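**Student:** Just passing along the structure, written as structure tokens.
Residue numbers (the numbering used here): 9 to 266.
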């Protein structure tokens, strides 16, 4: 996944995706991200793609929530217990530690809940039922979220589903759909989303057009908004540039001469 963002640099991510991570607590996505100087192509940094991907995915899902969800949600649910769910819970704790959060999944959900001062844990249904915001962070092959569980006018952010549908067809049909790039619907999986295959382009709105004011985003309180994330190389460039700048400023990492 190569990408270029003016002012940030060039980056390429070489990643593998395994349904079974192979180690407890590991991500299904593993690889490396290489960052290059945008002016002369010099290699600047080589970094572990797993945490970079987890944090940038949680970040864009949180940005989508802030842009599309109703203000001041009474209940936020995070569905999942893996690396991506952990990154989402940690970011929400940083963003708003007072927001009421419920983590839904297996037993590890209780450990994830400990990462957020206002969080509790329960089953997937217990977490999602009545939630104003639902983050789906799973590796399921079949829909994890029943369309009847969230509150009316909820916002749903789906960042999982590399191996199948994370969202039910009824959710996709009922929701206003937002994505990072047109290929989320136009490209076949895994570049595109399983749930968005065959969806006409007029139903797809770019998140960027909401952020820059070209699209209003949510139009009414009762509207169901759905952000389906498939990732984009520009996000990897931005995340890699931040990691590189912070590492240099703090003297972190290992310096190599080439």
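C-beta: ideal position from N, C-alpha, C; glycine also. Quick caveat, the model's predicted, so the values are computed rather than measured.
What residue does the alpha helix (DSSP H) around residue 270 start on, and which one ends it?
**Tutor:** Outside the modelled stretch of the chain, which goes from 9 to 266, sits residue 270, for which no answer is possible.
**Student:** Alpha carbons only, please: which of 173, 70, 235 and 18 is nearest the one belonging to residue 148?
**Tutor:** Residue numbering aside, residue 148 sits at position 140 when the chain shown is read from its first letter. Checking every option, the nearest Cα to that of residue 148 belongs to 173.
**Student:** Between the C-alpha atoms of residue 114 and residue 50, what's the straight-line distance to the nearest angstrom?
**Tutor:** By one-based count along the chain shown, residue 114 stands at place 106. By one-based count along the chain shown, residue 50 stands at place 42. Distance between the alpha carbons of residue 114 and residue 50 is about 45 Å.
**Student:** Is residue 70 closer than 8 Å to residue 100 when the C-beta atoms are compared?
**Tutor:** One-based indexing of the chain shown puts residue 100 at position 92. One-based indexing of the chain shown puts residue 70 at position 62. Yes, the pair counts as a contact, with Cβ atoms nearer than the cut-off.
**Student:** List, from N- to C-terminal side, the alpha helix (DSSP H) runs of 4 residues or more that fit wholly inside the stretch 173–209.
**Tutor:** 177–182 and 191–194
**Student:** When the Cα atoms are used, what is the spatial distance from residue 120 to residue 102?
**Tutor:** Walking along the chain shown from the start, residue 120 turns up at place 112. Walking along the chain shown from the start, residue 102 turns up at place 94. Between residue 120 and residue 102, the C-alpha separation is close to 14 Å.
**Student:** On a Cα-Cα basis, can you pick out the residue from 92, 41 and 78 that is closest to residue 62?
**Tutor:** Position 54 of the chain shown, counted from the first residue, corresponds to residue 62. It is 92.
**Student:** Could you tell me which of 223, 127 and 226 sits nearest to residue 97, measuring between CA atoms?
**Tutor:** Along the chain shown, read from residue 1 onward, the residue named residue 97 stands at position 89. Checking every option, the nearest Cα to that of residue 97 belongs to 127.
**Student:** Would you kindly work out how many angstroms separate the C-alpha atoms of residue 206 and residue 261, rounded to a whole number?
**Tutor:** Taking the first residue of the chain shown as position 1, residue 206 is located at position 198. Taking the first residue of the chain shown as position 1, residue 261 is located at position 253. Approximately 44 Å between the Cα atoms of the pair.
**Student:** Consider the Cβ of residue 161: report whether some Cβ of chain B lies at a distance smaller than 8 Å.
**Tutor:** Within the model displayed, chain B is absent; a lone protein chain is all it includes.
**Student:** Is the beta carbon of residue 57 closer than 8 Å to that of residue 41?
**Tutor:** Here residue 41 refers to the residue found at position 33 of the chain shown. Here residue 57 refers to the residue found at position 49 of the chain shown. Against a cut-off of 8 Å, the Cβ pair of residue 57 and residue 41 comes out as a contact.
**Student:** Check residue 211 in the structure and name its three-state DSSP category.
**Tutor:** Within the chain shown, numbered from 1, the residue matching residue 211 stands at position 203. Reduced to three states, the DSSP call for residue 211 is helix.
**Student:** Since I believe residue 122 is in contact with residue 169 (beta carbons under 8 Å), could you give me their beta-carbon distance rounded to a whole number of angstroms?
**Tutor:** Start at 1 with the first residue of the chain shown, and residue 169 comes out as number 161. Start at 1 with the first residue of the chain shown, and residue 122 comes out as number 114. Not quite, the Cβ-Cβ distance comes to about 26 Å (not below 8 Å), so this is no contact.
**Student:** Using the Cα positions of residue 223 and residue 264, report the straight-line distance between them to the nearest angstrom.
**Tutor:** In the chain shown, counting from the first residue as 1, residue 223 sits at position 215. In the chain shown, counting from the first residue as 1, residue 264 sits at position 256. A straight-line Cα-Cα distance of about 45 Å links residue 223 and residue 264.
**Student:** Rounded to the nearest angstrom, how far is the Cβ of residue 134 from that of residue 152, given a contact under 8 Å?
**Tutor:** Taking the first residue of the chain shown as position 1, residue 134 is located at position 126. Taking the first residue of the chain shown as position 1, residue 152 is located at position 144. By a beta-carbon distance limit of 8 Å, residue 134 does not contact residue 152. Their separation comes to about 13 Å.
**Student:** Near residue 88, what residues of its chain come up, given a Cβ to Cβ distance below 6 Å and the 5 sequence neighbours on each side ignored?
**Tutor:** Here the question's residue 88 lines up with position 80 in the chain shown. Here the set comprises 113, 145 and 146.
**Student:** Please report the distance separating the alpha-carbon of residue 94 from that of residue 191.
**Tutor:** Sequence index remark: in the chain shown, residue 94 carries index 86 (1-based). Sequence index remark: in the chain shown, residue 191 carries index 183 (1-based). Each residue's alpha carbon lies about 27 Å from the other.
**Student:** For residue 218, which residues from the same chain have a beta carbon less than 8 Å from its beta carbon, with the 5 sequence-adjacent residues on both sides left out?
**Tutor:** By one-based count along the chain shown, residue 218 stands at place 210. 75, 76, 186, 224 and 225.
**Student:** Taking its Cβ as the centre, do 16 or more other Cβ atoms sit within 10 Å of residue 163, making it buried, or is it exposed?
**Tutor:** For the purposes of this step, residue 163 is taken as the residue at position 155 of the chain shown. Flag for residue 163 reads buried.
**Student:** Beta carbon of residue 241, beta carbon of residue 10: below 8 Å?
**Tutor:** Sequence index remark: in the chain shown, residue 241 carries index 233 (1-based). Sequence index remark: in the chain shown, residue 10 carries index 2 (1-based). Against a cut-off of 8 Å, the Cβ pair of residue 10 and residue 241 comes out as a contact.
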